[in-house]
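Peer 1: Here you go, one structure.
2 protein chains.
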Amino acid sequence: MANLGHRPAPPRCGLLPGDVRLHAEAAAGLSRDFRLLADPVRLQILDILAERGGEVCVCDLEAALPVKQPTISHHLRLLLRSGAVTVDRKGLWAYYRIDPSDLRARRSRLQSYLQSLSINTQAQPMEAINGL
Amino acid sequence: MANLGHRPAPPRCGLLPGDVRLHAEAAAGLSRDFRLLADPVRLQILDILAERGGEVCVCDLEAALPVKQPTISHHLRLLLRSGAVTVDRKGLWAYYRIDPSDLRARRSRLQSYLQSLSINTQAQPMEAINGL
DNA sequence: CCCATACATTGACAGTCTTCGATATATAGA
DNA sequence: TCTATATATCGAAGACTGTCAATGTATGGG
Chain A
-12 MANLGHRPAP
-2 PRCGLLPGDV
8 RLHAEAAAGL
18 SRDFRLLADP
28 VRLQILDILA
38 ERGGEVCVCD
48 LEAALPVKQP
58 TISHHLRLLL
68 RSGAVTVDRK
78 GLWAYYRIDP
88 SDLRARRSRL
98 QSYLQSLSIN
108 TQAQPMEAIN
118 GL
Chain B
-12 MANLGHRPAP
-2 PRCGLLPGDV
8 RLHAEAAAGL
18 SRDFRLLADP
28 VRLQILDILA
38 ERGGEVCVCD
48 LEAALPVKQP
58 TISHHLRLLL
68 RSGAVTVDRK
78 GLWAYYRIDP
88 SDLRARRSRL
98 QSYLQSLSIN
108 TQAQPMEAIN
118 GL
């Protein structure tokens, strides 16, 4: 119905129906993971938290980063709500730290997506992927 | 000059000067990498390109994805300008494919950042990291 | 109590991003 | 040359995001 004589016989145009290997739901979840890391300030916050594991208060971050305190609190809330970091409040201070198990899970997800991208670009046969 | 008697002796507040392990420039570059992958449609496009390595035209993507053709062209342009994909125009069709070496470089960058985050969260002594 | 400090929250603004209709460009068959 | 198709581009609308001043909340010293 789509090829009535005017098309120059496209090699495989319109062959994909509506189902893709990575369906919309999984793509949305993955994109959320990537989006959390798609901001330079958040990347720096996580780096500082990792560098000094466990004894970083907000004022430390404020001193080290090029943004004001409300902005840092905003980013920390995003990191907190996504589960990437935890808080430990002591007196006036709030000590944030990376949640190691969450980080592992997150890295595993991103890695396996990026890995799946490169399987077929290395000129490997399809059978190697279908086994996953 | 900052501790004049009213501060309850904060453990290490304000210790970080202005230099962080991950400086702003590197963080900006990394965040650009993550941002490219921070959209579900782009993730699906890359997945489809990887699944069928090399013979995917825009109309294939249009048939498989939940967005209209101008949107797909827009995302393809972003992927193209960042170097993640290449085009091969033949007649009416444009065949996009993943650039394997760019993908490798990109994955290596993201991986080494995520790796650096987890070193200190595994309860390792500081000396192990200072050696890097 | 009063005050200083650390951090959170609010509200507003500016910039960016995604999306799509409309339109343009290019290619190829008749 | 005329028409149909594939893709690109333009322009605008709407949503989302990062930023910060102002303000609120809680804690602790004097």
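In order, the protein sequences belong to chains A and B.
Note that my numbering gives residue 103 to position 116 of the first sequence, counting from 1, and the numbers run on in steps of one.
Note that my numbering gives residue 10 to position 23 of the second sequence, counting from 1, and the numbers run on in steps of one.
We put the beta carbon where it would ideally sit given N, CA and C, even for glycine.
Once the 5 residues before and after residue 17 of chain B are set aside, which same chain residues still bring their CB inside 7 angstroms of it?
Peer 2: Numbered from its first residue, the second sequence carries residue 17 of chain B at position 30. Same-chain partners within the cutoff: 96 and 100.
Peer 1: Here's a check: name, in chain order, each residue in its chain whose Cβ is nearer than 6 angstroms to the Cβ of residue 29 of chain A, leaving out the five neighbours to either side.
Peer 2: By 1-based counting over the first sequence, the position of residue 29 of chain A is 42. So the qualifying residues of the chain are 62.
Peer 1: If you drop the 5 nearest sequence neighbours on each side, which residues of the same chain put their C-beta closer than 6 angstroms to that of residue 74 of chain A?
Peer 2: By one-based count along the first sequence, residue 74 of chain A stands at place 87. Within the same chain, residue 74 of chain A has close Cβ partners 81 and 83.
Peer 1: Measuring alpha carbon to alpha carbon, tell me which of B:7, B:38, B:23 and B:25 ends up nearest residue 9 of chain A.
Peer 2: For this step, residue 9 of chain A is matched to residue 22 along the first sequence. Here the closest residue by C-alpha is B:38.
Peer 1: On the CB-based measure, 16 or more other CB atoms within 10 Å of its CB, does residue 111 of chain A come out buried or exposed?
Peer 2: As a position in the first sequence, residue 111 of chain A is number 124, starting the count at 1. Because the pLDDT at residue 111 of chain A is just 45, under 50, the model does not fix this residue reliably, and the value given afterwards should be weighed accordingly. Under this definition residue 111 of chain A is an exposed residue.
Peer 1: Among the residues of its own chain, which have a CB less than 7 angstroms from the CB of residue 20 of chain A, if the five just before and after it don't count?
Peer 2: In the first sequence, counting from the first residue as 1, residue 20 of chain A sits at position 33. For residue 20 of chain A, where only same-chain residues beyond five positions count, the Cβ hits under 7 angstroms are 93, 96 and 97.
Peer 1: Taking the alpha-carbon positions, what's the residue 105 of chain B to residue 86 of chain A distance?
Peer 2: Here residue 105 of chain B corresponds to residue number 118 of the second sequence, with the count starting at 1. Here residue 86 of chain A corresponds to residue number 99 of the first sequence, with the count starting at 1. If you take the alpha carbons of residue 105 of chain B and residue 86 of chain A, they lie about 9 angstroms apart.
Peer 1: What are the boundary residues of the alpha helix (DSSP H) that residue 11 of chain B is part of?
Peer 2: As a position in the second sequence, residue 11 of chain B is number 24, starting the count at 1. Segment 11 to 23, the alpha helix (DSSP H) holding residue 11 of chain B.
Peer 1: Nearest chain A C-beta to residue 97 of chain B closer than 8 angstroms, yes or no?
Peer 2: Taking the first residue of the second sequence as position 1, residue 97 of chain B is located at position 110. Chain A, which has a Cβ nearer than 8 angstroms to the Cβ of residue 97 of chain B, makes this yes.
Peer 1: Going by DSSP, name the residue or residues bridged to residue 81 of chain A.
Peer 2: Along the first sequence, read from residue 1 onward, the residue named residue 81 of chain A stands at position 94. DSSP, once it has assigned bridges, lists A:76 as partnering residue 81 of chain A.
Peer 1: Name the two residues that bound the continuous alpha helix (DSSP H) containing residue 39 of chain A.
Peer 2: Numbered from 1 along the first sequence, position 52 holds the residue referred to as residue 39 of chain A. Per DSSP, residue 39 of chain A belongs to no alpha helix (DSSP H) and is neither H nor E.
Peer 1: For residue 51 of chain B, which of B:40, B:35 and B:58 has the nearest alpha-carbon?
Peer 2: Taking the second sequence and counting its residues from 1, one reaches residue 51 of chain B at position 64. When each option's Cα is compared against that of residue 51 of chain B, the closest is B:35.
Peer 1: At a Cβ cut of 7 angstroms, what residues of the segment 32 to 43 of chain B count as close to chain A, listed as they run along the chain?
Peer 2: Residues 33, 34, 35, 37, 38, 40 and 42.
Peer 1: In chain order, what residues of the same chain have a beta carbon less than 8 angstroms from the beta carbon of residue 59 of chain A, not counting five sequence neighbours either side?
Peer 2: Against the first sequence, residue 59 of chain A aligns to sequence position 72. Around residue 59 of chain A: 28, 32, 45, 48, 49 and 52.
Peer 1: So what does DSSP say about residue 103 of chain A, is it helix, strand or coil?
Peer 2: One-based indexing of the first sequence puts residue 103 of chain A at position 116. Note: residue 103 of chain A maps to helix in three-state DSSP.
Peer 1: Give a yes or no on whether 8 angstroms exceeds the smallest Cβ distance from residue 7 of chain B to chain A.
Peer 2: Here residue 7 of chain B refers to the residue found at position 20 when the second sequence is read from its first residue. It does; some Cβ of chain A falls within 8 angstroms.
Peer 1: Do you know how far the Cα of residue 14 of chain A is from the Cα of residue 102 of chain A?
Peer 2: The sequence position of residue 102 of chain A within the first sequence is 115, counting from 1. The sequence position of residue 14 of chain A within the first sequence is 27, counting from 1. Approximately 15 angstroms between the Cα atoms of the pair.
Peer 1: Using the beta-carbon count (16 or more within 10 Å), is residue 79 of chain B buried or exposed?
Peer 2: By one-based count along the second sequence, residue 79 of chain B stands at place 92. Counting Cβ neighbours within 10 Å, residue 79 of chain B comes out exposed, since fewer than 16 surround it.
Peer 1: By the three-class DSSP mapping on this structure, what secondary structure does residue 96 of chain A have?
Peer 2: In the first sequence, counting from the first residue as 1, residue 96 of chain A sits at position 109. DSSP places residue 96 of chain A in helix when its eight states are reduced to three.
Peer 1: Let me make sure I understand the geometry here. Which of B:70, B:64 and B:77 has the alpha-carbon closest to that of residue 90 of chain B?
Peer 2: The residue given as residue 90 of chain B occupies position 103 in the second sequence. Of the candidates B:70, B:64 and B:77, the one whose C-alpha sits nearest the C-alpha of residue 90 of chain B is B:70.
Peer 1: Alpha carbon to alpha carbon, how far is residue 55 of chain A from residue 25 of chain A? Give it in angstroms, no decimals.
Peer 2: Looking up residue 25 of chain A in the first sequence gives position 38. Looking up residue 55 of chain A in the first sequence gives position 68. So the two alpha carbons sit approximately 19 angstroms from each other.
Peer 1: When DSSP labels each residue in this structure, what does residue 54 of chain B get in the three-state scheme?
Peer 2: Taking the second sequence and counting its residues from 1, one reaches residue 54 of chain B at position 67. Note: residue 54 of chain B maps to coil in three-state DSSP.
Peer 1: Look up residue 69 of chain B in the DSSP assignment and say whether it is helix, strand or coil.
Peer 2: The count along the second sequence starts at 1 and reaches residue 69 of chain B at position 82. In the structure shown, residue 69 of chain B sits in coil (DSSP, three-state: anything other than H, G, I, E or B).
Peer 1: Reducing DSSP to helix, strand and coil, say where residue 112 of chain A ends up.
Peer 2: Numbered from its first residue, the first sequence carries residue 112 of chain A at position 125. Note that residue 112 of chain A scores 44 on pLDDT, short of 50, meaning its location in the model is unreliable; the coordinates nonetheless yield the value given after this. In this structure, residue 112 of chain A counts as coil in the three-state DSSP scheme.
Peer 1: Are the C-beta of residue 26 of chain B and some C-beta of chain A separated by less than 8 angstroms?
Peer 2: Numbered from 1 along the second sequence, position 39 holds the residue referred to as residue 26 of chain B. True, the Cβ-Cβ gap to chain A drops below 8 angstroms.
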